[in-house]
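Numbering (the numbering used here), first residue to last: 337 to 553. Here the structure comes first, spelled out in structure tokens, and everything after it is commentary.
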């Protein structure tokens with residue numbers, strides 16, 4: 337059972353480095369939801385037997401995030417990090433949690449730490465997360481550069497053109513914003529600007545950031 341949990345953890349590991357739109361590509365059918373529920377139940381059994389197994393927290397985080405329970409997802413990310421302070425994936429998970437809590441500064445700090453710990457420096461995963469954090473902080477040029485570079489490395493991240501489009505729009509570069517929007521429509525997996533909207537369980541800080549920065553962009 338521990339081996340199964342480790343396998344589940346690896347399966348969802350890259351999700352921490354992807355956008356909500358990519359998360360949606362996992363599917364939301366009844367069969368998918370049943371699979372998530374079964375994975376969660378198995379993982380909880382492993383956790384009960386071995387609370388110190390850091391691998392259990394990633395599948396539980398995915399379940400909480402997929403079920404719009406952001407407070408639980410943040411708590412699980414923090415527990416995961418506390419158990420393995422030298423883990424790049426644990427830092428990445430915590431960074432994503434901070435982003436969805438609306439704390440771009442902490443999110444950027446954690447993803448930079450993850451990059452320093454990672455064997456694959458400056459990967460597309462790092463660039464996409466750091467770029468998104470820079471966007472949250474209003475660092476439009478850094479966001480544009482890092483996200484564009486990540487998409488060049490990994491074209492499957494085309495959904496992130498939405499952040500590039502908004503960053504250009506905030507700078508008043510409307511033609512470049514339209515070009516990024518067109519690239520999103522052409523190559524994206526179905527992301528809409530509305531996909532960045534807060535969910536019911538989103539932190540108030542994230543909601544305020546969205547209202548003040550994303551909506552105007």
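No residue lacks a Cβ here, since even glycine has one placed at the ideal position from N, Cα and C.
Around residue 497, the same chain offers 516, 519, 520 as residues with beta carbons nearer than 6 angstroms, after the five sequence neighbours per side are excluded. Annotation: the continuous alpha helix (DSSP H) that includes residue 402 extends over 393 to 402. Residue 549 holds the alpha-carbon nearest to the alpha-carbon of residue 507 among 549, 393, 466.
Between residue 486 and residue 464, the C-beta gap is smaller than 8 angstroms, which places the two residues in contact. Less than 8 angstroms separates the beta-carbon of residue 444 from that of residue 470. Around the beta carbon of residue 404, fewer than 16 other beta carbons lie within 10 angstroms, which makes this residue exposed. A buried status is given to residue 437, since no fewer than 16 other beta-carbon atoms sit within 10 Å of its beta-carbon. For residue 387, there is no enclosing alpha helix (DSSP H), as DSSP marks it with neither H nor E. Bounds of any alpha helix (DSSP H) do not take in residue 475, whose DSSP letter is neither H nor E. Taking a 10 Å sphere around the C-beta of residue 402, we find 16 or more other C-beta atoms and assign the residue as buried. For residue 492, the number of other beta carbons within 10 angstroms of its own is below 16, and it is reported as exposed.
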